[in-house]
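Quick notes on the structure that follows.
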Amino acid sequence: MAQARCSLLADAWREAERYKWIRSEQAGHDLGPKMIQEWFRVHWRGFVRAKIAEHTLGIRFYEELGAKSFAVAERIRPRTEGLLEWIIEALRRGAENLEIIVEAQDRNYPPEEVHAILELVDINAWRFPPAEVERSFSCT
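So the sequence shown is numbered by my numbering: it starts at -13 and just counts up by one.
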């Protein structure tokens, strides 16, 4: 069965709009585009990391993340048992690449396998909202 293709940016906008609506309802009036900015500033990082995990595990395909890292869990079988799952969980909890590498050394995971997985997942490509998204929600 073909995997449905989703848009990370479209999902982010829906979440930001939902956030704006909830916050506006709480305030009793429309809080405007500043709530969209706030959502991206506060929630973007965690949102993207959760979507990267879904994409990497093959749960949902996100167009913006591409085929290279989709369902990596199915394509990469590290020699070390549980390594991929541990890295995905570390990413979900917000760990950065360097933190993962250091902790992997402490756990005696093979560095070449850790680096290969991190390179495929490529979380740094999505550290900040893309420029076109940033321009779209600016209040200038």
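For each residue, glycine too, the CB sits at the ideal point set by N, CA and C.
Check	Outcome
Residue 89 - containing alpha helix (DSSP H), residue span	83 to 92
Alpha carbon of residue -13 to alpha carbon of residue 102, nearest angstrom	In this predicted model, residue -13 has a pLDDT of only 42, less than 50, meaning its place in the structure is not dependable enough to derive any value.
Contact between the stretch -8 to 4 and the stretch 21 to 36 (3+ Cβ pairs under 8 angstroms)	yes
Candidates 77, 76, 40: closest to residue 60 by CA position	40
Where residue 47 sits in the DSSP three-state scheme	strand
Expected contact under 8 angstroms - CB spacing of residue 78 and residue 36 to nearest Å	7 angstroms
Opposing strand residues paired with residue 61 [DSSP bridges]	DSSP lists no partner for residue 61.
Alpha-carbon to alpha-carbon, residue 3 and residue 15	14 angstroms
Straight-line Cα distance separating residue 12 from residue 48	32 angstroms
Reduced DSSP category for residue 9 - H, G, I as helix; E, B as strand; rest coil	helix
Closest by C-alpha distance to residue 110, when choosing among 95, 56, 34, 43	34
Presumed contact (8 angstroms Cβ cut-off) between residue 6 and residue 17, rounded CB distance	6 angstroms
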